[in-house]
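Mapping of the sequence shown onto this note's numbering: residues 4 to 84, in sequence order. We treat Cβ as the ideally placed atom computed from N, Cα and C, and that holds for glycine. Following: one structure in C-alpha coordinates, then a few remarks.
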Amino acid sequence: MNTNEEGIHLTKNGYDFYKDDESDLIWDVSKIDEPEEGPFLFSFDCQKVYNFWTDYPDKLTPEEIEIFKNENPTMAALKLN
(Lines of atoms letter the chains of each structure in order from A; the text may use other names.)
(Lines give C-alpha, C1' and ligand atoms only; values in the text may rest on other atoms or scores of the structure.)
Protein backbone atom coordinates (compact mmCIF):
# COMPACT_ATOMS: atom_id res chain seq x y z
CA MET A 4 0.00 0.00 0.00
CA ASN A 5 1.26 3.43 -0.92
CA THR A 6 0.18 6.37 1.29
CA ASN A 7 1.04 9.98 0.50
CA GLU A 8 -0.63 13.37 0.11
CA GLU A 9 -2.30 12.05 -3.05
CA GLY A 10 -4.25 9.42 -1.13
CA ILE A 11 -3.85 5.72 -0.57
CA HIS A 12 -3.20 3.28 -3.42
CA LEU A 13 -3.18 -0.51 -3.38
CA THR A 14 -2.42 -2.51 -6.51
CA LYS A 15 -3.91 -6.00 -6.57
CA ASN A 16 -5.03 -8.51 -9.24
CA GLY A 17 -4.73 -6.00 -12.11
CA TYR A 18 -6.62 -3.25 -10.29
CA ASP A 19 -5.56 0.02 -8.68
CA PHE A 20 -7.57 0.62 -5.51
CA TYR A 21 -7.59 4.23 -4.32
CA LYS A 22 -9.09 6.25 -1.49
CA ASP A 23 -8.45 9.80 -0.31
CA ASP A 24 -8.28 9.03 3.38
CA GLU A 25 -7.73 6.00 5.61
CA SER A 26 -11.15 6.60 7.20
CA ASP A 27 -12.98 6.17 3.85
CA LEU A 28 -14.78 2.83 3.64
CA ILE A 29 -15.03 2.68 -0.14
CA TRP A 30 -12.13 2.25 -2.54
CA ASP A 31 -12.34 3.74 -6.05
CA VAL A 32 -11.12 1.13 -8.51
CA SER A 33 -9.55 1.26 -11.95
CA LYS A 34 -8.17 -1.50 -14.12
CA ILE A 35 -4.44 -0.99 -14.54
CA ASP A 36 -4.40 -1.89 -18.24
CA GLU A 37 -7.42 0.19 -19.28
CA PRO A 38 -7.83 3.94 -19.92
CA GLU A 39 -9.07 6.24 -17.16
CA GLU A 40 -12.44 6.74 -18.85
CA GLY A 41 -14.63 3.74 -18.25
CA PRO A 42 -17.06 2.26 -15.80
CA PHE A 43 -17.30 3.62 -12.27
CA LEU A 44 -15.80 0.76 -10.25
CA PHE A 45 -15.62 0.58 -6.47
CA SER A 46 -14.91 -1.91 -3.69
CA PHE A 47 -15.41 -2.19 0.04
CA ASP A 48 -12.73 -4.83 0.67
CA CYS A 49 -10.32 -4.80 -2.33
CA GLN A 50 -11.65 -8.28 -3.15
CA LYS A 51 -15.04 -7.81 -4.78
CA VAL A 52 -15.28 -5.04 -7.36
CA TYR A 53 -18.63 -3.48 -8.19
CA ASN A 54 -19.64 -1.52 -11.29
CA PHE A 55 -21.91 1.34 -10.21
CA TRP A 56 -23.98 1.31 -13.40
CA THR A 57 -24.70 -2.44 -13.43
CA ASP A 58 -24.46 -3.47 -9.77
CA TYR A 59 -25.78 -0.60 -7.64
CA PRO A 60 -27.97 -1.10 -5.64
CA ASP A 61 -29.15 -4.64 -6.54
CA LYS A 62 -25.89 -6.52 -5.89
CA LEU A 63 -24.94 -4.69 -2.68
CA THR A 64 -25.95 -5.66 0.83
CA PRO A 65 -28.18 -3.22 2.73
CA GLU A 66 -25.15 -2.20 4.81
CA GLU A 67 -23.06 -1.56 1.68
CA ILE A 68 -25.88 0.55 0.20
CA GLU A 69 -25.94 2.75 3.32
CA ILE A 70 -22.16 3.16 3.28
CA PHE A 71 -22.29 4.07 -0.40
CA LYS A 72 -25.05 6.62 0.16
CA ASN A 73 -23.02 8.23 2.97
CA GLU A 74 -19.74 8.42 1.06
CA ASN A 75 -21.13 9.06 -2.45
CA PRO A 76 -24.49 10.80 -2.04
CA THR A 77 -24.37 12.47 -5.47
CA MET A 78 -23.77 9.19 -7.29
CA ALA A 79 -26.35 7.34 -5.17
CA ALA A 80 -28.94 10.00 -6.07
CA LEU A 81 -28.47 9.16 -9.76
CA LYS A 82 -30.00 5.74 -9.18
CA LEU A 83 -33.01 6.57 -7.02
CA ASN A 84 -35.68 3.92 -7.33
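Check this for me: beta carbons of S33 and Y18, under 8 Å apart or not? By one-based count along the sequence shown, residue 33 stands at place 30. By one-based count along the sequence shown, residue 18 stands at place 15. In contact: S33 and Y18 (Cβ atoms closer than 8 Å).
Measure the Cβ-Cβ separation of D23 and G10 and say whether it is below 8 Å. To locate residue 23, count along the sequence shown from 1; it is residue 20. To locate residue 10, count along the sequence shown from 1; it is residue 7. Taking 8 Å as the Cβ cut-off, D23 and G10 qualify as a contacting pair.
Measure the alpha-carbon distance for L63 versus L13 and round it to whole angstroms. Mapped onto the sequence shown, residue 63 falls at position 60. Mapped onto the sequence shown, residue 13 falls at position 10. The alpha-carbon atoms of L63 and L13 are separated by roughly 22 Å.
Own chain, CB closer than 7 Å to K72, minus 5 neighbours either side, in chain order: Start at 1 with the first residue of the sequence shown, and residue 72 comes out as number 69. Excluding positions up to five away in sequence, the list reads A79.
Exposure of W30, with buried meaning 16 or more beta-carbon neighbours within 10 Å: Sequence index remark: in the sequence shown, residue 30 carries index 27 (1-based). With 16 or more Cβ atoms within 10 Å of its Cβ, W30 is classed as buried.
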